[in-house]
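Student: Residue numbers (my numbering), protein chains in the order written: chain A, 887 to 1201; chain B, 135 to 397. Just so you know, even glycine gets a beta-carbon here, dropped at the ideal spot from N, CA and C. Values in this document were obtained by computation on a predicted structure and should not be read as measured data.
1. Report the rounded CA-to-CA distance for residue 1062/A versus residue 998/A, giving the unit in angstroms.
2. Name, please, each residue of chain D whose Cβ falls closer than 8 Å to the Cβ of residue 150/B.
3. Residues of chain B with a CB under 7 Å from the CB of residue 942/A: which are they?
4. Hey, residue 232/B and residue 151/B: beta-carbon distance below 8 Å or not?
5. Could you check whether the segment 961-979 of chain A touches the segment 1038-1048 of chain A, counting it as contact only if at least three pairs of C-beta atoms, one from each stretch, sit closer than 8 Å?
6. Kindly list the residues whose CB is nearer than 8 Å to the CB of residue 1019/A, restricted to its own chain and excluding five residues on each side of it in sequence; keep chain order.
7. Considering only the alpha carbon of each residue, which of 243/B, 272/B, 248/B, 141/B lies closest to residue 398/B?
8. Below 9 Å on C-beta distance, what does residue 1050/A contact in chain B?
9. Assign residue 1040/A to one of three DSSP states: helix, strand, or coil.
10. Starting from residue 234/B, trace the alpha helix (DSSP H) both ways and give me its first and last residue.
11. Interface residues of chain A around residue 153/B at Cβ under 9 Å?
12. Exposed or buried, which one is residue 1026/A when buried takes at least 16 other CB atoms within 10 Å?
13. Name the DSSP beta bridge partners of residue 954/A, please?
14. Tell me whether residue 1048/A sits in a helix, a strand or coil according to DSSP, three-state version.
15. Go through its chain and collect everything with a Cβ distance to residue 906/A's Cβ below 8 Å, but skip five positions before and after it.
16. Between the segment 890-913 of chain A and chain B, which residues of the former have CB atoms less than 9 Å from a CB of the latter, in chain order?
17. So is residue 332/B in contact with chain A if we call contact Cβ pairs under 8 Å?
18. In its own chain, which residues sit with a C-beta less than 6 Å from the C-beta of residue 1190/A, not counting the 5 before and 5 after it?
19. Could one say the Cβ of residue 329/B lies closer than 8 Å to chain A's Cβ atoms, at least one of them?
20. Indicate whether the contact test is met: 3 or more Cβ pairs, each with one atom in the segment 271-286 of chain B and one in the segment 381-395 of chain B, closer than 8 Å.
21. Quick one, which residues of the segment 985-999 of chain A are near chain B if we go by CB-CB under 8 Å, in chain order?
22. Considering only residues of the segment 302-328 of chain B, which uninterrupted beta strand (DSSP E) runs meet the minimum length of 3 residues and lie entirely inside it, listed in chain order?
23. So, is residue 146/B buried or exposed, given that buried needs 16 or more other C-beta atoms within 10 angstroms?
24. Would residue 852/A be called buried (16 or more neighbouring beta carbons within 10 Å of its own) or exposed?
25. Report yes or no: is there a C-beta of chain A within less than 8 Å of the C-beta of residue 146/B?
26. Under 8 Å: do the segment 206-221 of chain B and the segment 299-315 of chain B share three or more Cβ pairs, one atom per stretch?
27. Counting pairs of Cβ atoms below 8 Å between the segment 282-296 of chain B and the segment 247-259 of chain B, do you hit three or more?
28. Going by DSSP in three states, residue 959/A sits in which element: helix, strand or coil?
29. By how many angstroms is the C-alpha of residue 1088/A removed from the C-alpha of residue 141/B?
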């Protein structure tokens, strides 16, 4: 990752009639980072990608993508961006190779380089043995891989990936994850990853943003977001089995803490980070034989759902 | 203007249409039925029909048929004049079928989004779509004309005894009017297709283009207007003028940002 900016938006907004699809989105994505864009269906992720590529005009607000204004300089911008759309969007009556060759021409890949580039991507995405079959005959996973190959055909500087591993088997998913990491870490390309897969976002993304009904509700590294909901919301205790009842009783007496048995351990939820030493000390002073205390860091998934419920409570 | 991109869009669409048998087969069958079936029917007609009514129908065209004898007149009337509206109708129908699919078909197949994300300009996108619909329409119109040269001469040979077709009027029709009329169908339909959500919706709206063509075809049969080389040249000019206006309107109103709203 470097210090340059891949794109920046300022108050980017898009209305569809009375519906506000994207609501004053202000965001800065650095060059070379893998940036996760999380949100439920209809949160505004696809609309944002369309506006950032000059395919949809914003109602208000501005964006600068790779130093260009998407609305005014769309063709020049799109020459440097690649987009994997939510559905593979392939011409199914064309073969896999024809799909890539035509898009290579459309993206301005020099004619003499097209065959080699297409062959290279077909091989990378393990489609070379089916390259001359119609895309209609491909499996869902193969179509997704072909669409991904198409998005990379012109070696874009900034890659927008909408659910890139949707429909892929674990082996192909690993391939895509490795490719994203390689593009970002080794080739310094920026990846803007729209995903529902929180595990994927946590694994791949340097930073994530959470979009809720078009509004940005959280932004930070996956760890930062997880910490926002309390770093040790869950504590796992391994104690002598004879002492389990005592532990459950004492934990239940602690303010804001609830405890239950789970897989041979006792799990306490709701304890503040600062209260943990006191909690452990009180158990020890009550004669509980403690073998292990493990704070469980909240995952991005937990942070995401905590944010969701927080929003619901507020509304 | 990136010519390679325009060509790539046209090439892509042509391949898709050719491989779509539900679209490509009617495009081939219809001209064959009209341009082979009508001459065959004409060749048989004098033997089985009463030609009395024919003379009254030929009334408005007597001046144009002055160089032909009594046996040749009806044949020339049927093969050179009666087929004109069918040829025009065929040309415009073919162009409408191809052009309806241009944007609406892509929306239906969910392939439009990837195309919009390419670095093509709006003009290149429109031009690529226009060419991909116009070139096959023109190919079919001209291919049909060549086929008709053969079938019309064969059908009329027993009566004419010489190669008499194409007439000057037909040269004007095929080389001047047909490109214009297919262009009219294509430009109108590509613009309609960019606003329609489905191929079927676009095709239905195409009727709005076909109706005026049908009217032009019916008029000479009613004796109001007789097709001649001059009349067709003027008709062609009118179609080219309409093409130019539609193209100008399309060029200034077509935006991918509007198309994106329909996805």
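Tutor: In this structure, then:
1. 27 Å
2. You won't find chain D in this structure, because its protein chains are A and B.
3. Within 7 Å of the CB of residue 942/A, the CB atoms of chain B belong to 391, 394, in sequence order along the chain.
4. yes
5. yes
6. Contacts found: 981, 982.
7. For chain B, the structure presents residues 135 to 397; residue 398/B sits outside this window and is missing.
8. Neighbours of residue 1050/A in chain B, taken as residues at a C-beta separation under 9 Å, are lacking, since the least C-beta distance is about 14 Å.
9. coil
10. If you look at residue 234/B, you'll find it in the alpha helix (DSSP H) that goes 217-243.
11. 979, 980, 1020
12. Of the residues assessed, residue 1026/A falls on the exposed side of the cut-off, its CB having fewer than 16 other CB atoms within 10 angstroms.
13. 951/A
14. strand
15. Once the five neighbours on either side are set aside, the close Cβ partners of residue 906/A are 899, 900, 1099, 1100.
16. Sequence-ordered contacts of the segment 890-913 of chain A with chain B read 902 [C-beta pairs closer than 9 Å].
17. no
18. 1084
19. no
20. no
21. 988, 989, 991, 992, 993, 994, 997
22. none
23. buried
24. Chain A is shown from 887 up to 1201; residue 852/A falls before or after that span and cannot be answered.
25. yes
26. For the pair of segments examined, the segment 206-221 of chain B was found to touch the segment 299-315 of chain B: the number of CB pairs separated by less than 8 Å reaches three.
27. no
28. coil
29. Across the structure, residue 141/B and residue 1088/A are spaced so that their CA atoms are roughly 43 Å apart.
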